[in-house]
Structure formats: structure tokens, C-alpha cells
């Protein structure tokens with residue numbers, strides 16, 4: 508097997524991967540949509556990002572901070588639920 512065959516084989520494997528993952532279909536839809544736009548946008552990259560679900564103005568640090576806060580709140584609420592279950596169980600045992 509020569510180098511060209513190896514390269515071609517890798518390209519074909521990658522193409523199959525993209526096809527299986529739906530990337531080719533998504534890109535095709537976005538590019539067809541761009542082609543069919545009556546007025547072409549000034550920035551084609553932003554158009555592609557918008558329709559592939561990648562917002563331009565997303566604040567990753569803000570999302571990470573929100574995630575950490577929500578994770579901490581989830582832990583706190585789980586502890587509270589466990590404590591309330593213990594209290595309920597104790598109250599039920601007192602009644603019996």
C-alpha cells in the first residue's frame with residue numbers, strides 16, 4: 508500500500524464518519540439555505556454559525572459559573588430532601 512492509497516483511505520474513512528454523524532447533511536442544508544437567501548448576508552461565517560446552532564455572543568465563562576452555582580444548589584437541595592425524609596420517617600415512627 509503506497510502513501511496515496513493510505514491518504515485516500517483515511518479521507519474516505521473520515522468522509523464516512525462525517526456522513527454517519529450527520530455533519531454532511533447539516534452543512535449541505537446550511538449552504539443551500541445560504542445559496543437560496545435572496546439577499547446574501549455580509550458575513551457568511553456568522554450565517555453558518557447561526558444556523559449550525561453556535562451563537563456568536565455566547566459567554567462561556569458565565570455559563571460555567573451558572574453551571575457551578577446550579578450544581579451547588581442541586582447538592583444543597585439533595586441534602587435538604589434527605590434531611591426532610593429523615594424527619595418524616597422519625598415523625599411517622601413517633602405516631603406508631
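In this note's numbering, the protein residues as written are 508 to 603.
In this text, a Cβ means the ideal position worked out from N, Cα and C, and glycines have one as well.
Extent of the continuous alpha helix (DSSP H) to which residue i belongs
i: residue 578; result: 567-602
i: residue 540; result: 530-543
i: residue 556; result: 551-558
Separation of residue j from residue i, as counted between CA atoms
i: residue 542; j: residue 592; result: 60 Å
i: residue 516; j: residue 538; result: 27 Å
i: residue 531; j: residue 518; result: 14 Å
i: residue 533; j: residue 526; result: 10 Å
i: residue 529; j: residue 536; result: 11 Å
i: residue 603; j: residue 596; result: 11 Å
i: residue 547; j: residue 580; result: 46 Å
i: residue 573; j: residue 586; result: 20 Å
Heavy atom of the ligand PLP within 7 Å of residue i beta-carbon
i: residue 546; result: Because no ligand of any kind appears in the structure shown, any question about the ligand PLP cannot be addressed here.
Residue closest to residue i, alpha-carbon to alpha-carbon, out of the options
i: residue 540; options: 571, 531, 554 and 529; result: 554
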